[in-house]
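Enquirer: Okay, here's the structure, questions in a sec.
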Amino acid sequence: MVSSILVTGGTGFIGSHTCAALLNAGYDVIVLDNLSNSDSSVIQRLGQICGREPSFIKGDIRDTSLLNTLFQEHSVSAVIHFAGLKAVSESVDKPLMYYQNNVGGTLTLLTAMQLANVKTIIFSSSATVYGDPVSVPITENFPRSCTNPYGASKMMIEDILADLYTTKSNWRIGRLRYFNPVGAHASGLIGENPIGIPNNLMPFITQTAAGLRQEVSIFGNDYDTPDGTGIRDYIHVEDLANGHLAALDYLNQNRELLTVNLGTGQGASVLEMINTFEHSTGCQVPYRVVGRRQGDIAECWADTKLANHLLGWQANRGLEDMCRDAWRWQLRCLRD
Ligand code: NAD
Ligand code: UDP
């Protein structure tokens, strides 16, 4: 039996791009997703992009018997675990749902992996675990903190994975801390399709440029940053996807608990993002400055030396690529 990579949450935004990178690199891929925030049409689109589709199982990571059957019926060499809920404000309203899905789901998955003796996992953590950092750029040894159940769920899972590694029972674990993933696949066939009003800046910009929203609200221009607006480390989702392949290679060669930032190491402000989008697409993005969003921090960007050094990986797409690809995908969504 050929060994496959199991990708939980593989029809989602980052998962689908990682599936494309895995398929293009020659891996066999099994996607497990309950489609709570994605669409199964992604599977056919991956077929168009890569010339072959991943196997798809519609199901939930909290379903023990489904997982046990999956691991019995397929030879899985590693799991890349994206499945989870990710909206910060929703997590404040529905903490139990977030802990059930993110923490409970991960425990169920890890238990099934242990039973099946599948002991390599790469987990989607987040720069949110750094809370409000004392300085930038942020290195992996900065203290962690959180201000909402979403962030807490990421910290809890990181701790569970560290405890599992400490058992010395041959686990290989990657905890990848993503900064701000944006953009879409260069093919224009897959991207981010938020349901309802987007929480994040980039989809708000593309929907405004498309006329679906009236204007972008800039959440504060009185931060201690050069233009007063918040600064983040935006990373193209295809670069991020490649980071997973680099982490997988690394873990195949090293039995380790790997914890790395995946970002570009460059910060961009909200105004810079809007200006770059206008410049690279030729579209106008009306905006208005409003008050700060509760819980937001002034600036956050990654020190990427560890990922560069250990994984030999670095992001190489710039802000213009991110804007152009996000816009191409937005136009496709309007047509479909
Ligand atoms: P996404 O919502 O597009 O993808 C997540 C996928 O998981 C969806 O397809 C959803 O249907 C699926 N899913 C959710 N709960 C599930 C469950 N119980 N069982 C099976 N499938 C389930 O999100 P994304 O942006 O691709 O994020 C992927 C991961 O990366 C998440 O864990 C997220 O917290 C993390 N992350 C995302 C960002 C970001 O800005 N997008 C930043 C840092 C970390
Ligand atoms: N932002 C904004 N308007 C929006 C959405 C976001 O001004 O409609 C700002 C936000 O305050 C932050 C940056 O854009 O400075 C990135 O926000 P996003 O929600 O995309 O990422 P996060 O805050 O989670 O890093």
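Residue numbering for the sequence shown follows this note's numbering, beginning at 922 and increasing consecutively. All residues carry an ideal CB built from backbone N, CA and C; glycine is no exception.
1) For the region 1126 to 1158, which segments carrying the beta strand (DSSP E) assignment without a break, of at least 3 residues, lie completely within its bounds, in sequence order?
2) Distance, Cα to Cα, residue 1051 vs residue 1176?
3) Under 7 Å from any heavy atom of the ligand UDP, does the C-beta of residue 1156 make it?
4) Could you tell me which residues DSSP puts in a beta bridge with residue 959?
5) How far does the alpha helix (DSSP H) with residue 1071 in it extend, from its first residue to its last?
6) Using C-beta distances below 7 Å, list every residue in its chain close to residue 1076, excluding the 5 sequence neighbours before and after it, in chain order.
7) Taking the C-alpha atoms as reference points, what is the distance between residue 1254 and residue 1118?
8) As an exercise, report each continuous beta strand (DSSP E) stretch of at least 3 residues that is fully enclosed by the region 926 to 992, in chain order.
9) Kindly provide the ranges of any alpha helix (DSSP H) runs that are 4 or more residues long and lie completely inside the region 1155 to 1209, ordered along the chain.
10) Under 8 Å, with one C-beta from each stretch per pair, do the region 1160 to 1171 and the region 1200 to 1208 reach the 3-pair mark?
11) Does the Cβ-Cβ distance between residue 1168 and residue 1179 come in under 8 Å?
12) Start and end of the beta strand (DSSP E) containing residue 1095?
13) Would residue 926 and residue 953 be called neighbours here (beta carbons separated by less than 8 Å)?
14) Taking the runs of the alpha helix (DSSP H) that are 4 residues or longer, which of them lie wholly in the region 987 to 1035?
15) On the DSSP bridge assignment, give the partners of residue 1044 in chain order.
16) Check whether the Cβ atoms of residue 1101 and residue 1059 sit closer than 8 Å, and answer yes or no.
17) Tell me whether residue 927 counts as near the ligand NAD, meaning its Cβ is closer than 7 Å to at least one heavy atom of that ligand.
18) Apart from the five residues just before and just after residue 971, which ones in its own chain have a Cβ nearer than 7 Å to its Cβ?
19) Tell me the residue span of the alpha helix (DSSP H) that contains residue 1224.
20) Among 1226, 1115 and 1098, which has the Cα closest to the Cα of residue 1105?
21) Could you check which residue in 984, 1023 and 999 has the C-alpha nearest to that of residue 1093?
22) Tell me the DSSP bridge mates of residue 1066?
23) The ligand UDP heavy atoms versus the CB of residue 1217: any closer than 7 Å?
24) What residues does the ligand UDP have around it, judged by CB closer than 6 Å to any heavy atom, in chain order?
25) Mapping the DSSP letters down to three states, classify residue 1119 as helix, strand or coil.
26) For residue 1033 versus residue 1088, is the C-beta distance shorter than 8 Å?
27) Could you check whether the Cβ of residue 1099 sits closer than 7 Å to any heavy atom belonging to the ligand NAD?
28) Hey, would you say residue 932 sits closer than 8 Å to residue 960, going by beta carbons?
29) Please state the DSSP three-state secondary structure of residue 1102.
30) So residue 1074 packs on residue 1024, CB below 8 Å; how close in whole Å?
31) Tell me, please, whether the region 1189 to 1198 touches the region 1076 to 1085 by the rule of three or more beta-carbon pairs shorter than 8 Å.
Expert: Quick look at the numbers:
1) Every beta strand (DSSP E) stretch that sits fully inside the region 1126 to 1158 and reaches 3 residues is listed by chain position as 1137 to 1140 and 1155 to 1157.
2) So the two alpha carbons sit approximately 25 Å from each other.
3) In this structure, the ligand UDP has no non-hydrogen atom nearer than 7 Å to the beta-carbon of residue 1156.
4) Partner(s): none; residue 959 has no beta bridge.
5) Looking at the DSSP string, the run of the alpha helix (DSSP H) that includes residue 1071 is 1070 to 1087.
6) The beta carbon of residue 1076 is closer than 7 Å to those of 1050, 1065 and 1067 in its chain, skipping five residues each way along the sequence.
7) Using only the alpha carbons, I get a separation of about 15 Å.
8) Runs of the beta strand (DSSP E) inside the region 926 to 992: 949 to 954 and 976 to 979.
9) The DSSP assignment places 1158 to 1174 and 1191 to 1202 as complete runs of the alpha helix (DSSP H) inside the region 1155 to 1209, in order along the chain (cut-off: 4 residues).
10) Segments in contact, no.
11) A contact, by the Cβ cut-off of 8 Å.
12) Looking at the DSSP string, the run of the beta strand (DSSP E) that includes residue 1095 is 1093 to 1099.
13) Cβ distance not < 8 Å, so residue 926 and residue 953 don't count as in contact.
14) Within the region 987 to 1035, the complete alpha helix (DSSP H) runs of at least 4 residues are 1009 to 1014 and 1016 to 1019.
15) Residue 1044 is bridged to 1002 and 1096.
16) In this structure, residue 1059 does not lie closer than 8 Å to residue 1101 by Cβ.
17) Residue 927 has its Cβ no nearer than 7 Å to any heavy atom of the ligand NAD.
18) Shown here for residue 971: same chain residues with a beta carbon closer than 7 Å to its own, the five before and five after excluded, namely 941, 944 and 945 in chain order.
19) Secondary structure note for residue 1224: it is in no alpha helix (DSSP H), with a DSSP letter that is neither H nor E.
20) Comparing alpha carbon positions, the residue from 1226, 1115 and 1098 closest to residue 1105 is 1115.
21) Comparing Cα-Cα distances from residue 1093 to each of 984, 1023 and 999, the minimum goes to 999.
22) Answer by DSSP bridge pairing, in chain order: 1051.
23) The answer is yes for residue 1217.
24) Summarising the contact set, residues whose Cβ lies nearer than 6 Å to any heavy atom of the ligand UDP are, in chain order, 1101, 1120, 1121, 1122, 1125, 1137, 1138, 1139, 1140, 1151, 1153, 1191, 1214 and 1217.
25) In the three-state scheme derived from DSSP, where H, G and I count as helix and E and B as strand, residue 1119 is classed as coil.
26) For residue 1033 and residue 1088, no; Cβs fall outside 8 Å.
27) It does: the Cβ of residue 1099 is within 7 Å (strictly closer) of some heavy atom of the ligand NAD.
28) Here residue 932 is near residue 960, since their CB atoms are less than 8 Å apart.
29) Of the three classes helix, strand and coil, the one that applies to residue 1102 here is strand, per DSSP.
30) Between residue 1024 and residue 1074 the Cβ distance is about 5 Å, and since that is below 8 Å, they are a contact.
31) Contact between the region 1189 to 1198 and the region 1076 to 1085 is absent, because fewer than three Cβ pairs lie under 8 Å.
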